[in-house]
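Report on the structure given below.
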Amino acid sequence: MIKRDLAQYLKSAFQQHPIVTVTGPRQSGKTTLCRATFPDLKYVNLEALDEREFAETDPRGFLARLDGGAIIDEVQHVPGLLSYIQVVVDAKGANSLFILTGSAQFELSRRIKQSLAGRKAAFHLLPLSLTERQQTGAGDAVDDILYAGFYPRIVGQNLNPTQELADYVDTYVERDARQFAGIHNLIDFRRFVRLCAGRVGQLVNYNSLADDAGVSRTTVRAWLSILEESYIVFRLPPYFANIRKRLIKSPKLYFYDVGLAAYLIGIESADQIATHPLRGPLFENTVVAEAAKHRYNRRKRADNLYFYRDVKQLECDLLYPTGQDIAAFEVKSGATISVDYFKSLHRVAELVPNVTSKFVVYGGTEVQSRSDSKVVPLAILGGTLARLEESRETAAFVGRNKGPAPDEADVGALDLTFTRSIRPVLDALDTELDQISELFRRVVSISYVSMDGGESNSSELLKAHYWPQTKTGIVADGFKLSSTRSLGIRHTYTFETYTGGTARGFSVAFSVLWRLDGAKLTQSATIDLGPIPELETRVDYPQLGNRTVDVDLTAAVVVRRIRQRIGELSSGSGGEP
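Shown next as structure tokens:
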């Protein structure tokens, strides 16, 4: 069974609402999705005449037997039932009561808005996405995709698209048009649907459609609305927000399923696609429809997808929102990348505010990363869109969970401590202790940073060139010090294995510690864990910038105390050797 992207959102929504509605084109998999997601719910299909009659003639009795939750399929057949469902929902005051599916939005959409406002979560299930299609084992060859389309039954069972889509048009598209929209001139309507298929990816020209279909402009608008409400076609609006350019303001026309569009323009095999004059528009249709599916499958708006075109024919095929930012997509059906693909993309990115990422979707198989854009094959477009969404979600997640801003006083004290105390002292010690190191097999020099019970260490932490990285790690969100939350910075020199004239093999460890606590800086030092009182200092924050550290004195004290310690360990006399 195909795992639909919508399933995870469906479950949580049903727990949070009394009603969940799932609408979409016929044969998009609504029933399969709902029954697989909620296997324990009662199921009723209003396509069955006896069930439909029961619901129409005795709606209270019909709903009484569905106590405990139910899936009511094809609810558009009995739109009056929605008012009774509202009564039941209000009386029970509970969630997880009804899953309602419908294939035609005509009257259903209005009734749902009237009767179930504030009581439902609404979902739209379209034909398979690219990633869902791949679960069926179907190949990624572009011409096969454009020919077969994305209806689950056709792709999942490897059926002949021409035969199946012919039945689909006769059984569903025309029947729904007659039954729910009251269209009686099916010959003209059928011609109109085919004319729409021949115009995928084009600007909607109502006059041209009216002339070619032999109907009025008013009828064209009405029939387009019917096709939209049947989830057959959709219009992609142009982008024209606050740009001082003469922009096109007509929408472009696309089919939710490219296979259906291909069938309607007379394509009967994948082999015909390669040389067909509408291969490019069909490819573009697939990309734009995939973007719409991706939005719907994550329970997001799809009415904020746009294209860009001005009167000089500068165009971008798809502008995809990612929060406050926009991803720009150029679509090319060719399998070879050309530098020309990027020209209009870059120009549009300069004109449209907040374009932060640019993509070329093409008919090849290789992924390419350019300096400021990415080239992706059609087959992985779903993953590209998913990554865009997840990157935005991650940024939002991090933003929501960030702690307070770092305390500026503590950050300033940290900077002064490093530049005026830590680094000057370590520079002096490195020089003076170099002579002492000749008496030992090796010297290990390690820096430590500790706060909140954690500690990091490295020989590089307090190096001048590495300090920006160290500071970044310290000054995280919420960096604020106090008497109960201090920052410790320590550097240790360990002189290992004495090689002098007497009592060889011992080691000596010297450590200096700086501690910041939100009010003051304290310095202390130890040699083999024994304190060195003359190196203990305290400086209040306001004085940090005015204090000059006597590094020479510090170095002198340290080397004298290390000599004394070596003398103690090598001779046992308590003095220097």
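If you're matching positions, the sequence shown starts at 4 in the working numbering and goes up one per residue.
Note that the Cβ used here is the ideal one computed from N, Cα and C, for glycine as well.
Residue j beta carbon less than 8 Å from that of residue i
i: T420; j: L519; result: yes
i: D76; j: T104; result: yes
i: S486; j: G457; result: no
i: K335; j: Y299; result: no
i: V552; j: P407; result: no
i: L572; j: F509; result: yes
i: V78; j: R122; result: no
i: H187; j: R181; result: yes
i: Y154; j: D260; result: yes
i: A73; j: V90; result: no
i: L256; j: R202; result: yes
i: L524; j: A412; result: no
i: T359; j: I329; result: yes
i: Y266; j: L168; result: yes
i: V236; j: C199; result: yes
i: P254; j: V207; result: yes
i: L263; j: F310; result: no
i: K296; j: L129; result: yes
i: V223; j: L230; result: no
i: T505; j: Q526; result: no
i: A124; j: V23; result: yes
i: L69; j: K45; result: yes
Supposed close pair residue i, residue j - CB separation, criterion 8 Å
i: L516; j: G491; result: 6 Å
i: L189; j: V158; result: Between V158 and L189 the Cβ distance is about 28 Å, and since that is not below 8 Å, they are no contact.
i: Y344; j: F332; result: About 11 Å separates the two Cβ atoms, so there is no contact after all.
i: L465; j: E293; result: About 52 Å separates the two Cβ atoms, so there is no contact after all.
i: I569; j: V511; result: 6 Å
i: V196; j: V218; result: In fact, because the Cβ distance is near 12 Å, the residues do not count as touching under 8 Å.
i: Y87; j: R302; result: Actually they are not in contact, since the Cβ atoms of Y87 and R302 sit about 27 Å apart, beyond 8 Å.
i: V290; j: L348; result: 14 Å between Cβ atoms; not a contact.
i: D555; j: A467; result: The Cβ separation is near 20 Å, so there is no contact.
i: S450; j: S461; result: 6 Å
i: Q327; j: N357; result: 6 Å
i: G204; j: H127; result: Between H127 and G204 the Cβ distance is about 22 Å, and since that is not below 8 Å, they are no contact.
i: R423; j: R550; result: 7 Å
Secondary structure of residue i, DSSP reduced to three states
i: L427; result: In the sequence under discussion, the amino acid at residue 427 is Pro, which differs from the Leu named in the question. DSSP places P427 in helix when its eight states are reduced to three.
i: Q371; result: strand
i: T475; result: helix
i: K597; result: Residue 597 lies beyond the stretch modelled for the chain, which goes from 4 to 580, so this question has no answer here.
i: M4; result: coil
i: G577; result: Its pLDDT being 48, under 50, G577 is placed unreliably by the model, and nothing is read from it.
i: V334; result: strand
i: Q30; result: coil
i: L464; result: coil
i: Y344; result: helix
i: S440; result: helix
i: R68; result: coil
i: R122; result: coil
i: S228; result: helix
i: F243; result: coil
i: L419; result: helix
i: V355; result: coil
i: G326; result: coil
i: T104; result: strand
i: L321; result: strand
- Message: Within 8 Å, do at least three Cβ pairs link the segment 139 to 150 to the segment 274 to 283?
- Response: Three or more Cβ pairs closer than 8 Å define a contact, and the segment 274 to 283 meets that threshold against the segment 139 to 150.
- Message: What ranges does the alpha helix (DSSP H) occupy inside the segment 267 to 313, keeping only unbroken runs of at least 4 residues that lie completely in it?
- Response: If we require 4 residues or more, the alpha helix (DSSP H) runs fully inside the segment 267 to 313 come out as 273 to 276 and 282 to 299.
- Touching by the beta-carbon criterion (3+ pairs, under 8 Å), the segment 92 to 100 and the segment 46 to 64: By the criterion of at least three beta-carbon pairs nearer than 8 Å, the segment 92 to 100 is not in contact with the segment 46 to 64.
- Message: Would the segment 247 to 262 count as touching the segment 37 to 57 if we require 3 or more Cβ pairs under 8 Å?
- Response: Counting Cβ pairs under 8 Å, fewer than three are found: no touch.
- Task: Pair every Cβ in the segment 374 to 381 with every Cβ in the segment 347 to 365, then say whether three or more of these pairs are closer than 8 Å.
- Result: Taking a cut-off of 8 Å on C-beta distances, the segment 374 to 381 touches the segment 347 to 365, as three or more cross pairs fall below it.
- Message: Ignoring anything shorter than 3 residues, give me the beta strand (DSSP E) runs that lie fully in the segment 373 to 412, in order along the chain.
- Response: Runs of the beta strand (DSSP E) inside the segment 373 to 412: 377 to 380.
- Message: For the pair the segment 422 to 439 and the segment 490 to 507, tell me if three or more CB-CB distances fall below 8 Å.
- Response: Yes, they touch.
- Item | Within the segment 72 to 102, ranges of the beta strand (DSSP E) (whole runs, at least 3 residues) | DSSP runs (the beta strand (DSSP E)) wholly in the segment 72 to 102: 73 to 76.
- Query: Which full runs of the alpha helix (DSSP H) of 4+ residues lie inside the segment 193 to 221, going along the chain?
  - Reply: Counting whole runs of 4 or more residues, the segment 193 to 221 contains the alpha helix (DSSP H) stretches 209 to 216.
- Entirely within the segment 481 to 556 and at least 3 residues each: give me those beta strand (DSSP E) ranges in chain order. 490 to 501, 511 to 519, 523 to 530 and 540 to 543, all fully within the segment 481 to 556.
- Within the segment 141 to 182, note down every full beta strand (DSSP E) run reaching 3 residues or more, in order along the chain. Listed in chain order, nothing qualifies, since the segment 141 to 182 has no complete beta strand (DSSP E) run of 3 or more residues.
- Query: Can at least three beta-carbon pairs, one atom from the segment 220 to 240 and one from the segment 25 to 36, be found at a separation below 8 Å?
  - Reply: In short, these stretches touch, since the Cβ pair count reaches three.
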